[in-house]
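As structure tokens, the structure follows; a few thoughts come after it.
In this note's numbering, the protein residues as written are 668 to 749.
Quick look at the structure:
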């Protein structure tokens, strides 16, 4: 996670003082909660379930920076799942 505002925002949503204790995000239980909250709020999970990976990338990053690398990871993951 980046940006003090994100630590503040998600800390408040999860009732965890992430702004003053940013290393708490390294705890797998906390990071999973942050990720789930972020994905739900932004519709990332819905886009992923639909296989709309360009939309996933845009929702998470605001654009398509790194699309080539991201799409390669998606293809590798799909090959292992199927």
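Heads up, the beta-carbon is just placed ideally off N, CA and C, and yes, glycines get one too.
- Here the stretch 730–739 makes no contact with the stretch 696–712; the two share fewer than three CB pairs at distances below 8 Å.
- Residue 705 carries a helical assignment under DSSP once its states are collapsed to helix, strand and coil.
- With fewer than 16 other CB atoms across the displayed protein chains lying within 10 angstroms of its CB, residue 672 is exposed.
- Rounded to the nearest angstrom, the gap between the Cα atoms of residue 675 and residue 689 is 9 Å.
- The residue among 740, 721 and 680 with its C-alpha nearest the C-alpha of residue 731 is 721.
- The alpha-carbon separation between residue 700 and residue 693 amounts to approximately 11 Å.
- Taking all protein chains in view, the Cβ of residue 744 is surrounded by fewer than 16 other Cβ atoms within 10 Å, so the residue is classified as exposed.
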